[in-house]
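One rule links them: number in my numbering = place in the sequence shown (from 1) + 1.
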Amino acid sequence: MLKLGVEPDVVTFTTLINGLCKQRKMSQAASLFDEMIGTGYQPNLIAYSTILNEERGFKPDIVAYSTVIDCLCKKGSLNEALDLFSEMMVKGIRPNIVTYSCLIHAMCNSGQQKQATRLLNEMVDNNISPKGNDF
């Protein structure tokens, strides 16, 4: 599209993300979701729902969850990110370093150092080592 001089918008990105999810290409859908945000577009509710919609047979993986959690943290929706984190855990999807890092940074930025420390300890208890440049 860019080669043809057509710049995608939120609807275009969401449509492409939906198509990738239908093909069960969750990692590619999550990458495109990241690209949408990277180009300055704010995902709409449809984009969020599409990437996490299990009702239609999509099985979001840790990449999809981490992508949405990161976006929520960056837009200041920490409570929503924590709700999604809890949902992910209930579904048996284990967080990775990216998931923890997004939440810990958002907690620190919002003055919730105790909660950030608690989450950092949980991360270490789950055998995920913090990386120096992340913390």
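From the three backbone atoms N, C-alpha and C, an ideal C-beta is built for every residue, glycine too.
Note that the structure is a prediction, hence the values are computed from the model and not measured.
Does residue i come out as helix, strand or coil in the three-state DSSP assignment?
i: R25; result: coil
i: S111; result: coil
i: Y101; result: helix
i: G20; result: helix
i: R95; result: coil
i: G39; result: helix
i: I70; result: helix
i: D126; result: helix
Enumerate in chain order the residues of its own chain whose CB-to-CB distance from residue i is below 6 angstroms, with the five nearest sequence positions on each side excluded.
i: A117; result: I105, M108, C109
i: L21; result: Q29, A30
For a quick check, are the C-beta atoms of residue i and residue j less than 9 angstroms apart?
i: S111; j: L79; result: yes
i: V64; j: L53; result: no
Just how far apart, CA to CA, sit residue i and residue j?
i: T16; j: G58; result: 17 angstroms
i: E81; j: S50; result: 13 angstroms
i: N128; j: R25; result: 29 angstroms
i: L35; j: K132; result: It is Asp, not Leu, that sits at residue 35 in the sequence shown. Computed Cα separation, rounded: 22 angstroms.
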